[in-house]
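Heads up: the structure comes next, in structure tokens.
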Amino acid sequence: MTIPELNIRSEDETVIALKDLYRQYGYKPYKMSRFESYELYAENKNFLVSDNVITFTDMTGKLMALRPDVTLSIIKNYKPSDGTQKLFYRENVYRTVKNVNDIREILQVGLECVGDVGLYETCEVLLLAARSLESISEHYIIDISHMGFISGLLSYAKADDKAASDIISCVKCKNTHDIYRICESSGISAEASEKLSEAASLWGSFESVLPVLKNISCCEDTDRAVSELEDIYRQLRAAGCADRFRIDMSVIHDIDYYDRIVFSGFIEGIPVNVLSGGRYDRLLERFRKRSNAVGFAVYLGLIEQYAPGNSEDSAETVIYYDDDSDTERLTRAVGDFTRDNRSISVRRLGKDEKTPDICEEVSGGGIYYINGRELERLC
Amino acid sequence: MLNIALPKGRLGEKVYGIFERAGFGCPSIRENSRKLIFENEETGVRYFWVKPSDVPIYVERGSADIGAAGKDILLEYSPDVYELKDMHIGKCRVCVAAKKNFRDDTERPLRVATKFPNIAKEHYRGKSREIDIIKLNGSIELAPILGLSDVIVDIVETGTTLFENDLEVIEEIVPVSARIIANKSSYKFRHDEIEALLRKTELGDR
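Chains as they are written, first to last, in our numbering: chain A, 882 to 1260; chain B, 369 to 574.
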């Protein structure tokens, strides 16, 4: 990947920017415990991004887990009688890494809108997803899909459970060649196979892809999905951010939890998706709560992991000193510079070390040396 | 510049030939040198040779925008990448093979020697057969001959090696061919370049 000039904000700055953004839209902070009963995750394993949950027994012998996900905890505690809740969080989650026996702690910032969720609320969450990535980098894209479209096509194709599961795996990786093979060996019609394959390969703006989806649509479920995507497009256009979205039917989350829109966000230069979200009404049904919900998480930990670090000294001013320097003079110089709001870096020179001749190392503030009791500007 | 990971060996050379004929050549790659990276600014491509099983890693982690990998490698490592084209080259099969006249003793776990433990586990899970995986890195055919395993799960191209060692295919697990894979993020931000390259290579996908 040829990485462009990445201008990605630091993790700390991003957290502050995101919290401000979510507060501006009326979302309230939600703080939770680091541990949850393992039962919660065991019953909803397919909702989790990573398969393995890190468990331990607490003082009473109860099996507990280091939280691998935040949404489940929020939904578990949500009471429909509270009305619509708009919440955001900043939490660490704990996941195992694929193909490596390792555990990762990943900082996640996200939001959930739970309760009476309509078109406006869904699009507000999509807008906030876009603005979240915008606050990290200007080079971002959000892929959006509708779970009803692919599941509608699979019903139309009369795919059995095994074929449906294999086809979904292929759609997720835009593998159209194997979709044809699976359809052929499962007795699925050539017409349905063509539709599934075309849907999997689509990727583009709302304007370019919606007409194609309309052509592929072949049943009530797919018609409903296209109509909802059209409504969303109109809202996002009104919000001025539709150009940041691409329709991509390969974005698929677990069908037991998500049945409507799902989305996934990417930042140029980061090889994995850094944002994931969707409408997960079915999760609430599993908790027997008559409500809807939509939300997303930004994986800040992943951004920090993949973004190239800034190893250069970012201090404006560098002050060198050695054994012959007067440390009181050094302390006074540091005080003077910091009072002027300049960032400084104080470096001790070893016995045979000399001050560097390279002046371009520091931008703006200059390089100094405490020569005995004097503050000498080197460049 | 589009970064392309090619698998070292015959398959990678065939894939490079296809790209070259499509107008994405890089003459320096044909020179006999110890260089690892070859780049052609005019055509906007940069190639690098890597171990075949490492291609999905380079692509998944974005060091390569696209790459060519055998389906066997993709099934074994399940990388989170797009699988955009079947190149219909490097065709072979992942098979279960055993000594001639082998009879499965279902009273005990089946000992399976393989380079592909995940493919083998998945295959036998589907049959609810308990197995004992013996992970080897080469000369898999030796395992049943020396009694290290009952069967092997391995790539079979012509079957000559099996035949010469008194082994035979007892089951085919999956057909294999080379696939073009792409990093998911690169696919969004380098979409036009990737699609143009795929179009020009005119690789039939059916």
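Even for Gly, the Cβ is constructed at its ideal location relative to N, Cα and C. Quantities reported herein were computed from a predicted structural model and do not represent experimental measurements.
With a threshold of 8 angstroms between beta carbons, is residue i in contact with chain A?
i, result
"Y450(B)", "yes"
"D454(B)", "yes"
"G430(B)", "yes"
"F531(B)", "no"
"H559(B)", "yes"
"N551(B)", "yes"
"K556(B)", "yes"
"R574(B)", "Since pLDDT at R574(B) reaches only 37, below the 50 mark, its modelled position is unreliable, and the value read off the structure follows with that caveat. Judged by the 8 angstroms Cβ criterion, R574(B) is in contact with chain A."
Between the Cα of residue i and the Cα atoms of the options, which residue gives the shortest distance?
i, options, result
"K439(B)", "F1126(A), R1220(A), D1059(A), D1102(A)", "D1059(A)"
"A1040(A)", "F1144(A), L1014(A), L1077(A)", "L1077(A)"
"A550(B)", "E536(B), P543(B), L565(B)", "L565(B)"
"P375(B)", "P395(B), R402(B), I425(B), E570(B)", "I425(B)"
"M1130(A)", "E1079(A), R1229(A), Y911(A), D1207(A)", "E1079(A)"
"E1019(A)", "A1045(A), Y1139(A), V1052(A), R1125(A)", "R1125(A)"
"F916(A)", "N933(A), T965(A), D893(A), P949(A)", "P949(A)"
"V1175(A)", "L1165(A), D901(A), D1207(A), Y1250(A)", "L1165(A)"
"H1134(A)", "Q905(A), T895(A), I1031(A), T965(A)", "I1031(A)"
"R976(A)", "L1110(A), F969(A), Q989(A), T1219(A)", "Q989(A)"
"I487(B)", "D522(B), R476(B), F392(B)", "D522(B)"
"V1155(A)", "R1258(A), C1260(A), I987(A)", "I987(A)"
"D1203(A)", "E1209(A), D1221(A), G1182(A), R1228(A)", "R1228(A)"
"K960(A)", "Y1250(A), N1173(A), L1259(A)", "N1173(A)"
"K568(B)", "G380(B), E388(B), I372(B), E381(B)", "E388(B)"
"I502(B)", "V542(B), R493(B), R479(B), K495(B)", "R479(B)"
"G1231(A)", "Y1249(A), D1205(A), R1223(A)", "D1205(A)"
"I541(B)", "F531(B), K495(B), E509(B)", "K495(B)"
Examine chain B for any beta-carbon lying closer than 8 angstroms to the beta-carbon of residue i, and answer yes or no.
i, result
"H1058(A)", "yes"
"I1069(A)", "no"
"K926(A)", "no"
"V1215(A)", "no"
"K1055(A)", "yes"
"V1090(A)", "no"
"I1022(A)", "yes"
"E1209(A)", "no"
"E1149(A)", "yes"
"T883(A)", "Because the pLDDT at T883(A) is just 46, under 50, the model does not fix this residue reliably, and the value given afterwards should be weighed accordingly. It does: the Cβ of T883(A) has a partner Cβ on chain B nearer than 8 angstroms."
So, using beta-carbon positions, are residue i and residue j closer together than 8 angstroms?
i, j, result
"V524(B)", "C460(B)", "yes"
"S431(B)", "A481(B)", "no"
"T1198(A)", "G1150(A)", "no"
"G435(B)", "T411(B)", "no"
"R1254(A)", "D1217(A)", "no"
"R547(B)", "E451(B)", "yes"
"T1236(A)", "Y1201(A)", "yes"
"F1177(A)", "V951(A)", "no"
"I1048(A)", "F1087(A)", "no"
"L968(A)", "K909(A)", "yes"
"K556(B)", "I1022(A)", "yes"
"C1260(A)", "A1120(A)", "no"
According to DSSP, which residues form a beta bridge with residue i?
i, result
"L370(B)", "V413(B)"
"E1257(A)", "Y1250(A)"
"K503(B)", "T482(B)"
"K909(A)", "L968(A)"
"D950(A)", "According to DSSP, which records beta bridges pairwise, D950(A) is partnered with nothing at all."
"T977(A)", "I984(A)"
"V418(B)", "P375(B)"
"C1122(A)", "DSSP, once it has assigned bridges, lists no residue as partnering C1122(A)."
"C460(B)", "V544(B)"
"A466(B)", "V519(B), E536(B)"
"C994(A)", "K967(A), V1175(A)"
"A436(B)", "I548(B)"
"M940(A)", "DSSP output for M940(A) lists no bridge partner at all."
Closest Cβ-Cβ distance between residue i and chain E: below 8 angstroms?
i, result
"V1153(A)", "Absence of chain E from the displayed structure is noted, the protein chains being A and B."
- prompt: Which residue spans inside the region 1006–1076 of chain A form an unbroken beta strand (DSSP E) run of at least 3?
  reply: 1021–1027
Contained alpha helix (DSSP H) runs [length at least 4] in the region 1162–1207 of chain A, N- to C-terminal order: 1162–1167, 1181–1187
field: Those runs of the alpha helix (DSSP H) which lie wholly inside the region 497–552 of chain B and span at least 4 residues
entry: 510–513, 528–532
task: Identify every run of the alpha helix (DSSP H) within the region 1085–1157 of chain A, keeping only runs that are complete inside it and at least 4 residues long; order them along the chain.
output: 1087–1097, 1101–1120
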